[in-house]
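When we follow the numbering used here, the leftmost residue of the sequence shown carries the number 1, and every step to the right adds one. Where a beta carbon is used, it is the ideal one built from N, C-alpha and C, also for glycine. Just so you know, these numbers come straight off a predicted model, no measurement behind them. Heads up, the thing below is written out as structure tokens.
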Amino acid sequence: MYRFLLSRQWVILTLVALALIPTMIELGFWQLHRHERRVALNTVIAGSLAAEPVPVESLTSPGAEVDGAYLYRRVTAQGRFDTAHEVVVRRRTNADDEVGYHVLTPFVLDDGKVLLVNRGWVPSDGLSQTEFPRIPAPPRGETTVTGRLMPDQTTAESGIKNVQGLPDRQIMLIDSAREAERLGRQVLGGYVELTEPGPKGDTPELIPAPDHDSIGNHMAYAIQWWLFAAGVPVGWVILARREARDRAAATAQKQQETAPAPV
């Protein structure tokens, strides 16, 4: 009755089904791990934002990588803004998805080291984004800044390529090692998203605090993949039984048609 399962069509269908099951199970676990990472990241962010600020040099140093446990950790530093070596980070959006720049200003600490401070978003002066934008000056003289500690930006994490040949004083990614070469000074690893002091006017727009309440749909996607995996053998059985039933009905019909008529 089920000899048709040995046919070429059904062997291929069975092999495809057997390949789909572990693939879907693996995709489910992939989404589960993404969910777990998101929950863990939200926990880190919430703790970092709630903690009291600490001196920035207690968490990073020249050439160091910012530890993931310190992501968005509030830090403080005392020194002076160096606007002469200020650059802008291209193709950054604000809360309204308008394209502009992030303003990256070196902040020279009292011990001579440099902290990179992202002072926020400013609009571009034109569609070409080749002209250096107008940027309000930061506070002059000795200043204490507070901000959220961030790791260096990379192409792997952001998807943004660090291209060459950009207009003067424009960069694509915030990279403390590159900035150390450009400035010829010791630059602390990572950078800081400024929160205080705020701008005197509307710009630069401070970067808003990250959302750490949403966990996304990864768990729902994981469950969906596992349900799909469970549905494959169920669907295979249903198709096989339907095929067997249809073949049996066709055989019975043929036998009835070929049977001699009663005398």
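- [ ] Give every residue of the same chain whose Cβ lies closer than 8 Å to the Cβ of residue 71, excluding the five residues on either side of it in the sequence, and list them in chain order.
- [x] Cβ within range, chain order: 41, 44, 45, 48, 149, 150, 151.
Task: Residue from 83, 194, 217, 184 with nearest C-alpha to residue 207 - done: If we check each option's Cα against that of residue 207, 194 comes out closest.
TODO: Determine, using beta-carbon pairs with one atom in the segment 21-34 and one in the segment 67-84, whether at least three such pairs fall under 8 Å.
DONE: Counting Cβ pairs under 8 Å, fewer than three are found: no touch.
TODO: Give a yes or no on whether the C-beta atoms belonging to residue 153 and residue 101 are separated by under 9 Å.
DONE: No, Cβ-Cβ distance for residue 153 and residue 101 is not below 9 Å.
- [ ] Report the rounded CA-to-CA distance for residue 157 versus residue 173, giving the unit in angstroms.
- [x] Residue 157 and residue 173: Cα-Cα distance of roughly 11 Å.
- [ ] Examine the ligand FAD and report whether any of its heavy atoms sits within less than 8 Å of the Cβ of residue 230.
- [x] Absence of the ligand FAD from the depicted structure is noted, as is the absence of any ligand whatsoever, leaving it without description.
Task: Rounded distance between the beta-carbons of residue 134 and residue 125, thought under 8 Å - done: About 7 Å separates the two Cβ atoms, so the contact holds.
Task: Cβ pair residue 19, residue 188 closer than 9 Å - done: No; because the gap between Cβ atoms is not below 9 Å, this pair is not in contact.
- [ ] Report yes if the C-beta distance between residue 166 and residue 90 is below 9 Å; otherwise report no.
- [x] Taking C-beta atoms as the reference points, residue 166 and residue 90 count as a pair closer than 9 Å.
- [ ] Determine the direct distance from the alpha carbon of residue 88 to that of residue 311, and round the result to whole angstroms.
- [x] Residue 311 cannot be examined here, being either before or after the span of the chain that is shown, 1 to 263.
Task: Rounded C-alpha distance that separates residue 110 from residue 62 - done: CA-CA distance, residue 110 to residue 62, rounds to 15 Å.
- [ ] Indicate the three-state DSSP secondary structure (helix, strand or coil) for residue 132 in the structure shown.
- [x] Here residue 132 sits in coil by DSSP.
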